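Okay, so the sequence shown: first residue is 1 according to full-length UniProt numbering, each after it adds one.
Presented below is the structure to which this report refers.
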Amino acid sequence: MSITGSRYRIGPLPEFLAIRPDSPAMPVRVPTGDRVWLVTDYALGRAVLADARFSRAAAARPEAPKLGTVDPSPDSIMSMDGAAHARLRRLAGAAFTTHRVAEQAPFIERIADQLLAALADGPRPADLVAGFISPLPMAAMGALLGVPPADRPKFDASVTALFEMSTDDGTKRARHELILVDYVSSLISSKRRDPRDDVLSALIRANDGGTLSHAELINLGLALLMAGYETTVGLLGISVLALLCDAELRARPLDEATIEELVRIGASTSVSAPRVATEDVELGGTTIAAGAAVVVSLLHCNGLFDETTNPTTHLTFGHGLHRCLGAPLARLQLRIALTRLLQRFPGLRLADGPDAVRWKAGLATRGLTALSVEW
Numbered sequence: 001m002s003i004t005g006s007r008y009r010i011g012p013l014p015e016f017l018a019i020r021p022d023s024p025a026m027p028v029r030v031p032t033g034d035r036v037w038l039v040t041d042y043a044l045g046r047a048v049l050a051d052a053r054f055s056r057a058a059a060a061r062p063e064a065p066k067l068g069t070v071d072p073s074p075d076s077i078m079s080m081d082g083a084a085h086a087r088l089r090r091l092a093g094a095a096f097t098t099h100r101v102a103e104q105a106p107f108i109e110r111i112a113d114q115l116l117a118a119l120a121d122g123p124r125p126a127d128l129v130a131g132f133i134s135p136l137p138m139a140a141m142g143a144l145l146g147v148p149p150a151d152r153p154k155f156d157a158s159v160t161a162l163f164e165m166s167t168d169d170g171t172k173r174a175r176h177e178l179i180l181v182d183y184v185s186s187l188i189s190s191k192r193r194d195p196r197d198d199v200l201s202a203l204i205r206a207n208d209g210g211t212l213s214h215a216e217l218i219n220l221g222l223a224l225l226m227a228g229y230e231t232t233v234g235l236l237g238i239s240v241l242a243l244l245c246d247a248e249l250r251a252r253p254l255d256e257a258t259i260e261e262l263v264r265i266g267a268s269t270s271v272s273a274p275r276v277a278t279e280d281v282e283l284g285g286t287t288i289a290a291g292a293a294v295v296v297s298l299l300h301c302n303g304l305f306d307e308t309t310n311p312t313t314h315l316t317f318g319h320g321l322h323r324c325l326g327a328p329l330a331r332l333q334l335r336i337a338l339t340r341l342l343q344r345f346p347g348l349r350l351a352d353g354p355d356a357v358r359w360k361a362g363l364a365t366r367g368l369t370a371l372s373v374e375w
């Protein structure tokens, strides 16, 4: 299902999301054949994301309902609750402090200008995803993690292979994830021998009193990649598309309010990670039984299916204890990228119209795989 409006495009969605809900929480069957509760109301969705009775750790157990063929790792910060999650999140949060994110601005501006200069010198029409939307967040995360320049081609290829394929292609994803795990492991070992001013080196130095294992460092590195790269690529691509399809939105200054509106529209995560109820919970007049899985449709909660509304709040970066760590960096990159892009190419336009835009196919994430533009 594809919903096109004057202000945004939704893109193709899995069947369980492409619905007009008749209740704020309703049972749906996902592609694995499992049944989950789908929450489509903003207030209820926000409540679920903040309620400790809905457990991410329980959702990582083998017997829990699954959205796709790739099982969540129970060792990932994404699959933890309580004290275990708080401990790793506190350490990972060092990557996205206000100071560290602000330090990235000059580097992001420089890379953005270099990429746009290369596009200007290249053939037209140009693929903005390949030439700008994907490599900019890649460069930012490489710098943040301290990936040596000589390793960038291998690093870039591994990250692209993992995050830009269909999320329901479990076998290929697992293979590419192993390649990336091996690289992050070797990078951590290198940082132990020769620490630098980067996030991985800082994590190694902190080491949580000596209790942070090598495996935990690897999982944190992968979590940071997901928070800082995958989210931003999807957000940036959909935001550019929204600006190119909506003259009213494009005419607005790229101030904080406009950036936040693009963040709402450009949610690259369609649906939250599953959570499992640890006890019976009443949700919007419906009882969610203990052991049942719940997912929140971020697209429905953000108001993307109702053009008569203009919500000022959104759940693009989640809510509660699992709120996306990379949100400050994503906002910074979005502002810099769009400002530089429209300054360089004020006549930027779609080369083939919105129906020719190529979307990524996935169960829980969305984004563009190609965006052909002229100027």
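Note that CB positions come from ideal geometry on N, CA and C, so glycine has one too.
Being a predicted model, the structure only gives us computed values, none of them experimental.
Quick one: is Gln114 buried, meaning 16 or more other Cβ sit within 10 Å of its Cβ, or exposed? For Gln114, the number of other beta carbons within 10 angstroms of its own is below 16, and it is reported as exposed.
Segment limits, beta strand (DSSP E) that includes Arg29: Ala25 to Arg29
Determine, using beta-carbon pairs with one atom in the region 136-150 and one in the region 362-372, whether at least three such pairs fall under 8 Å. The region 136-150, when compared against the region 362-372, does not touch it at the 8 Å Cβ threshold.
Is residue 383 near Ile204, with beta carbons less than 8 Å apart? In the structure as shown, the chain starts at 1 and stops at 375, and residue 383 therefore has no counterpart that could be examined.
Under a three-way DSSP split, which group does Thr258 fall into? Note: Thr258 maps to helix in three-state DSSP.
Indicate whether Arg340 and Leu128 have their beta-carbon atoms separated by less than 8 Å. no
For Pro137 and Ala361, what's the separation of their Cα atoms in angstroms? 20 Å
Look at Ala277 and Ile288 and say whether their C-beta atoms are less than 8 Å apart. yes
Beta-carbon within less than 6 Å of Met1's beta-carbon, same chain only, minus the 5 sequence neighbours each way: which residues are those? Its pLDDT being 33, under 50, Met1 is placed unreliably in this model, and the value from its coordinates should be taken loosely. Excluding positions up to five away in sequence, the list reads Leu13 and Ala18.
Can you list, in chain order, the residues of its chain whose CB lies under 6 Å from that of Arg29, leaving out five sequence neighbours each side? Arg35
Cut-off 6 Å between Cβ atoms - residues of its own chain near Ala227, not counting five sequence neighbours on either side: Cys324, Leu325 and Gly326
To the nearest angstrom, report how far apart Ser76 and Ala118 are at their CA atoms. 38 Å
Just checking, does the region 174-192 make contact with the region 153-164 on the three C-beta pairs under 8 Å criterion? yes
Applying the criterion that 16 or more other CB atoms from any shown protein chain within 10 Å of the CB defines a buried residue, is Pro72 buried or exposed? Label assigned to Pro72: buried.
Starting from Thr231, follow its DSSP beta bridges and name the residues at the other end. Beta-bridge pairing links Thr231 to no other residue.
Excluding the 5 residues preceding and the 5 following Phe16 in the sequence, name in chain order all residues of the same chain whose CB lies nearer than 6 Å to its CB. Val28 and Val30
Taking the alpha carbon of Leu236 as the reference point, which residue from Ile259, Ala102 and Leu217 has its own alpha carbon closest? Ile259 is the residue among Ile259, Ala102 and Leu217 whose C-alpha sits nearest the C-alpha of Leu236.
Counting Cβ pairs closer than 8 Å, one from the region 43-51 and one from the region 311-322, do we hit at least three? When Cβ pairs closer than 8 Å are counted between the two stretches, the region 43-51 is seen to touch the region 311-322, the count reaching three or more.
Pick out the complete alpha helix (DSSP H) segments inside the region 10-83, 4 residues or longer, and give them in chain order. 42-50 and 56-59
Less than 8 Å between the CB atoms is what I'm expecting for Pro125 and Ala351, so what's the real figure, rounded? 4 Å
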